[in-house]
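Colleague: Numbering-wise, this note's numbering comes out as the position in the sequence shown, counting from 1, plus 1.
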Amino acid sequence: MSRFFLPILKENPREAEIVSHRLMLRAGMIRQQAAGSFSWLPLGKRVLDKVCQIIREEQNRAGAQEILMPTIQSADLWIESGRYNDYGKEMLRIRDRQDRAMLYGPTNEEMVTDIFRAYVRSYKDLPLNLYHIQWKFRDEVRPRFGVMRSREFLMKDAYSFDLDYEGARAAYNRMFVAYLRTFERMGLKAIPMRADTGPIGGDLSHEFIILASTGESAVFCHKDFLDLPVPPAGIDFDNDEEIGGVVAQWTEPYAATDEMHDEAAWAGVPEDKRLAARGIEVGHIFHFGTKYSKPMKAAVTGPDRQEHFVSMGSYGIGPSRLAAAIIEASHDENGIIWPEGVAPFEIALINMKPGDRDCDRVCEELYAGMTSAGREVLYDDTDSRAGAKFATADLIGLPWQVIVGPRGVAAGEVEVKSRATGERENLPVSALAERFGARR
Ligand code: P5A
2 MSRFFLPILK ENPREAEIVS HRLMLRAGMI RQQAAGSFSW LPLGKRVLDK
52 VCQIIREEQN RAGAQEILMP TIQSADLWIE SGRYNDYGKE MLRIRDRQDR
102 AMLYGPTNEE MVTDIFRAYV RSYKDLPLNL YHIQWKFRDE VRPRFGVMRS
152 REFLMKDAYS FDLDYEGARA AYNRMFVAYL RTFERMGLKA IPMRADTGPI
202 GGDLSHEFII LASTGESAVF CHKDFLDLPV PPAGIDFDND EEIGGVVAQW
252 TEPYAATDEM HDEAAWAGVP EDKRLAARGI EVGHIFHFGT KYSKPMKAAV
302 TGPDRQEHFV SMGSYGIGPS RLAAAIIEAS HDENGIIWPE GVAPFEIALI
352 NMKPGDRDCD RVCEELYAGM TSAGREVLYD DTDSRAGAKF ATADLIGLPW
402 QVIVGPRGVA AGEVEVKSRA TGERENLPVS ALAERFGARR
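1. For the ligand P5A, I want to know if Val378 counts as a neighbour, meaning its beta carbon is within less than 7 Å of at least one of the ligand's heavy atoms.
2. For the segment 304-324 and the segment 249-263, state whether three or more C-beta atom pairs, one from each stretch, are separated by less than 8 Å.
3. Tell me whether His133, by its Cβ, gets closer than 7 Å to a heavy atom of the ligand P5A.
4. Decide yes or no for the touch test of the segment 56-63 against the segment 94-105: beta carbon pairs closer than 8 Å, at least 3 of them.
5. Under the assumption that Pro14 contacts Leu26 (Cβ atoms under 8 Å), give the Cβ distance between them as a whole number of angstroms.
6. At a cut-off of 7 Å, is Gly284 close to the ligand P5A when judged by its beta-carbon and the heavy atoms of the ligand?
7. Gly284 to Pro107, Cα distance in whole Å?
8. Do Gly168 and Lys292 come within 8 Å of each other at the CB atom, strictly closer than that value?
9. Can you check DSSP and say which residues form a bridge with Ala257?
10. If Thr114 and Met297 are in contact, beta carbons under 8 Å, what's the gap, nearest whole angstrom?
11. Applying the criterion that 16 or more other CB atoms from any shown protein chain within 10 Å of the CB defines a buried residue, is Phe437 buried or exposed?
12. Just to confirm my understanding: we take Lys295, look at its own chain, exclude 5 residues before and 5 after, and list those with CB closer than 7 Å. What are they?
13. If you draw a straight line from the alpha carbon of Ile397 to that of Cys53, how long is it in whole angstroms?
14. Which class does Ser431 belong to by DSSP, given the choice of helix, strand or coil?
15. Excluding the 5 residues flanking Cys222 on each side, which residues of the same chain have their C-beta closer than 6 Å to its C-beta?
16. Under the assumption that Asp381 contacts Ala421 (Cβ atoms under 8 Å), give the Cβ distance between them as a whole number of angstroms.
17. Using 10 angstroms around the beta-carbon of Ala171, count the other beta-carbons present and answer buried if the total reaches 16, otherwise exposed.
18. From Arg152, Asp50, Gln135, Ala36, pick the residue whose C-alpha is nearest to that of Leu93; which is it?
19. May I ask which residues mark the beginning and end of the beta strand (DSSP E) holding Ile279?
20. What residue from Gly406, Met30, Ala159, Ala278 has the CA that sits closest to Val148's CA?
21. Within the same chain, show all residues whose beta-carbon is closer than 8 Å to that of Met103, passing over the 5 residues directly before and after it, in chain order.
22. In three-state DSSP terms, what is Arg441?
23. Taking only runs that begin and end inside the segment 105-191, name each unbroken beta strand (DSSP E) of 3 or more residues, in chain order.
24. Glu253 to Val415, Cα distance in whole Å?
25. Are there any heavy atoms of the ligand P5A lying less than 7 Å away from the beta-carbon of Gly319, as far as the coordinates show?
26. If the criterion is Cβ atoms closer than 8 Å, does the pair Arg337 and Ile328 meet it?
27. Distance check for Asp395 and Cys449, CA to CA, integer angstroms please.
28. So is Ser431 buried or exposed if we call it buried at 16+ other beta carbons inside 10 Å?
29. Are the beta-carbon atoms of Ile281 and Ile210 separated by less than 8 Å?
30. Run through DSSP, which three-state label would Trp251 get?
31. According to DSSP, is Val48 helix, strand or coil?
32. Excluding the 5 residues flanking Arg441 on each side, which residues of the same chain have their C-beta closer than 7 Å to its C-beta?
33. Suppose contacts are defined by Cβ-Cβ distances below 8 Å. Is Tyr160 in contact with Asn130 by that definition?
34. Comparing alpha-carbon positions, which option in Ala344, Glu264, Lys46, Tyr316 lies nearest Asp157?
35. So what's Val417 in DSSP terms, helix, strand or just coil?
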């Protein structure tokens, strides 16, 4: 830690209205550069990378393939799809030195459709789902709450291509199930809700919402969602029926955002099962059929030898928003409580008396042992006061604190504290290798 760039703030930053924004600034995760634009500092960058890695693993598991498209796009494609004028002021429009109209991509439906039509000719090459994790820019009227609603933000956006509606629905369902798994691995309970399709278009969409009092949307759902099981890693994404069954189960109880709320259907939910709350949208999936493939002439030859405009969907997750949303869902008065899957490090190793030969030796041995076993350890070797060390460890919220002090070391023991439960336990130094040894 004496070498790690971790600019902790002692005071509560005044501009932060919600707890995640406050804690991200205080824990030195992000720095605001302009309205709605943020740098990610080392601690924040590690969380963002963890979030992206979980997303990537679940996208790949569901059969999507990673690519990377540019942030700056030519306006031509958007003129072709008809969205260049429709998109309005949220789109940042740019001119290059030849006075060509460009834009900083707010989303990539047009560009990926252009890639598709350049190469794919036959239904035999379907289904296809391509995704990337790339920065977006939307000139939001009211950027606020830090990275929760920013102007430049990271998005995972996937795009599916199928011969017909049935294939497109199966693709939609695979992403739906991948999202359930993704958010669960981040320690979140995300509820899929029927939602408005806005500027992306189409007639079917679900927002994935996590419940939080500071959420921007009012949401209404059946309490049964809180206990629905999320499918295991081994679920067969090639089995349309099985995947469809999971989606059916997760769309059966009532759930809707404000814009789609239906009072009559809501009245049908037993009163003690109604959950009216606020929520944060962490993902949004869309089916829009031929909305882009038709104007952009993206077609394949079907088994009937006829040309078919492909049926498409797009699927978004906001990793930068998620970093904040996870904090909204998991913190206490002392700071962040990272769920294991996304913690920037797993263990805070706290040396209570740097300079003391025995404390230093035990810490260095533990650090070497745990890191070589593949554990991510942040070693507090600084000479701050004990109180400040504990406050920092609680603020940055690593799941485990291993506390090494002179009295314990003399008895051959260290203290292990769980950040989430606050439970403390003294363990012999030798038992630590077992506790935080090599992962399976
Ligand atoms: C789906 C993928 C789309 O743009 N096109 C490609 C579709 N959907 S969306 O709902 O508009 O955005 C997808 C996710 O991006 C996050 N997000 C944001 N994060 C931070 N700041 C913002 N201003 C912002 N806007 C969108 C959300 O997680 C959203 O679900």
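No residue lacks a Cβ here, since even glycine has one placed at the ideal position from N, Cα and C.
Modeller: Walking through what the data contain:
1. Judged by the Cβ position, Val378 fails to qualify as a neighbour of the ligand P5A at the 7 Å threshold, every heavy atom of the ligand being at least this far.
2. no
3. no
4. no
5. 5 Å
6. yes
7. 15 Å
8. no
9. Arg195, Phe221
10. 5 Å
11. By the neighbour-count rule (16 or more Cβ atoms within 10 Å), Phe437 is buried.
12. Phe310
13. 20 Å
14. helix
15. Excluding sequence neighbours, Cys222 sits near Ile192, Ala256, Leu276.
16. At roughly 19 Å, the Cβ-Cβ gap does not stay under 8 Å, so Asp381 and Ala421 are not in contact.
17. buried
18. Answer by Cα proximity: Arg152.
19. What sits at residue 279 in the sequence shown is Arg, not Ile. Residues 275-290.
20. Met30
21. If we look at Met103 and ignore the five residues flanking it on each side, its Cβ neighbours are Ile73, Gln74, Ser75, Ala76, Arg94, Ile95, Arg96, Asp97.
22. Because the pLDDT at Arg441 is just 47, under 50, the model does not fix this residue reliably, and the value given afterwards should be weighed accordingly. Coil.
23. 129-138, 153-163
24. 50 Å
25. yes
26. In the sequence as presented, Arg is not what sits at residue 337; that position holds Ile. Closer than 8 Å, so yes.
27. In the structure displayed, the chain extends from 2 to 441; residue 449 sits before or after that span and is not available.
28. exposed
29. Between Ile281 and Ile210, the C-beta spacing is below 8 Å.
30. Helix, per DSSP.
31. helix
32. Residue confidence for Arg441 is low, a pLDDT of 47 falling below 50, so the modelled location carries little weight and cannot support an answer.
33. yes
34. Asp is not the amino acid found at residue 157; the sequence shown has Lys there. The candidate whose alpha carbon is nearest that of Lys157 is Tyr316.
35. strand
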